[in-house]
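Counted from 1, the sequence shown has number 490 at position 272 by the numbering used here; the numbering is strictly sequential.
Each remark here refers to the structure printed beneath this line.
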Amino acid sequence: MNMKNSTKNGNYANINGLSIYYEIHGTGQPLVLLPGALSGIGSAFGRLIPLLARTRQVIAVELQGYGHTADIADRPLSYKHYAEDTAALLEHLRMNQADILGYSSGAGAALQVAIRYPRLVRKLVLCSVTYTSSGIYPEMRAGIEELTPEILAGSPYEQEYLQTAPRPQDWPQLIAKAKAFNKQIQEWPASDLKEMKSPVLLIAGDSDLVCPEHIAEMFRLLGGGHPGDLMGLPASQMAILPGTTHMGLTERTDLFMAIIPPFLDAPMPEQKV
219 MNMKNSTKNG NYANINGLSI YYEIHGTGQP LVLLPGALSG IGSAFGRLIP LLARTRQVIA
279 VELQGYGHTA DIADRPLSYK HYAEDTAALL EHLRMNQADI LGYSSGAGAA LQVAIRYPRL
339 VRKLVLCSVT YTSSGIYPEM RAGIEELTPE ILAGSPYEQE YLQTAPRPQD WPQLIAKAKA
399 FNKQIQEWPA SDLKEMKSPV LLIAGDSDLV CPEHIAEMFR LLGGGHPGDL MGLPASQMAI
459 LPGTTHMGLT ERTDLFMAII PPFLDAPMPE QKV
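Okay, structure coming up:
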């Protein structure tokens, strides 16, 4: 696979028919960042990357159609493709294992990487994640279906895309594909979560697009939901951030930095035989 430089920290990797853009910041244990739908690296993680990169090698990735990564016209957006592309990028970078932090659809992609390619994933931080469509407020799903280029005109999403995309004129097509992606029924087996070996930190806002009950349900599937004083702490953790919306979630760097590094730096739990 060929690679070419783009910016000071940016590179492209030719993977699965895509020229995937990624940036590397800092040194240390690898931490892969996956932004959410319509978000590039800057809008999703611009404030967070310098903080995480103080102690980690941060690899921030823009998946199919987002930011600097041009779309493939005849390939729909899907979690399957996101997971395949992320796994292939890790192989390309010769990373035997990495921690992954995903936000929104990027969190779903990170979860699918852990399910499909468990040997590549050490720990997961999943921000505003779902494993079934029922985890999203119905009014939010309806709102996504009403998105148009006109509604998003002048938004941070549009501005970032027009500034970074190889083909800025593809913006309307990306919105159409993102809407089609969000219409897909998400119904992943609960057994996939129960069987996961990687410790997971679930993060959501208390006023997120994901219902807090859904995050709590996922926490239980991952081994949580019992009194730790009696049964010990589970390997996975859950954090609901106060006064926090979906779009504002990754801007809560004060809270993120208070909970993410301790989770990632803690020793890996012993695997049960």
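Beta carbons are placed, not taken as given, at the ideal position from N, Cα and C, and that holds for glycine.
For residue 355, the secondary structure class from DSSP, reduced to helix, strand or coil, is coil.
In the DSSP annotation of this structure, the continuous segment of the alpha helix (DSSP H) that includes residue 396 starts and ends at 389-401. Counting the other Cβ atoms within 10 Å of the Cβ of residue 366 gives fewer than 16, which makes it exposed.
Between residue 248 and residue 317, the C-beta spacing is below 8 Å. Straight across, the Cα-Cα distance linking residue 415 with residue 368 is about 44 Å. By the beta-carbon neighbour count (other beta carbons within 10 angstroms, threshold 16), residue 464 is buried.
Residue 386 and residue 371 have their C-alpha atoms roughly 13 Å apart. Boundaries of the beta strand (DSSP E) harbouring residue 419: 418-425, taken from the DSSP string. Residue 254 is a Cβ neighbour of residue 323, given a cutoff of 8 Å. By alpha-carbon distance to residue 475, the top candidate from 301, 241, 274 and 436 is 274. The three-state secondary structure of residue 286, taken from DSSP, is coil. When the beta-carbon positions are compared, residue 353 and residue 286 stay at least 8 Å from each other. The alpha-carbon separation between residue 457 and residue 421 amounts to approximately 5 Å.
Annotation for residue 331: no beta strand (DSSP E) segment contains it, though the alpha helix (DSSP H) segment containing it runs 323-334.
Judged by DSSP secondary structure, residue 315 falls outside any beta strand (DSSP E); it is assigned neither H nor E. When 337, 326 and 446 are compared, the shortest CA-CA separation from residue 404 is found for 326. In the pairwise beta carbon analysis, the segment 394-413 is classified as touching the segment 428-442: at least three pairs are separated by under 8 Å. Taken through DSSP and simplified to helix, strand or coil, residue 488 comes out as coil. In this model, residue 374 and residue 313 are separated by some 32 Å (Cα to Cα). DSSP lists no bridge partner for residue 273. Separation of the CB atoms of residue 469 and residue 265 is rounded to 6 Å, and the pair is thereby assigned contact status at 8 Å.
Ranked by how close their Cα comes to the Cα of residue 271, the residues 260, 245, 251 and 261 have 245 in first place. Annotated three-state conformation of residue 369 is coil, per DSSP.
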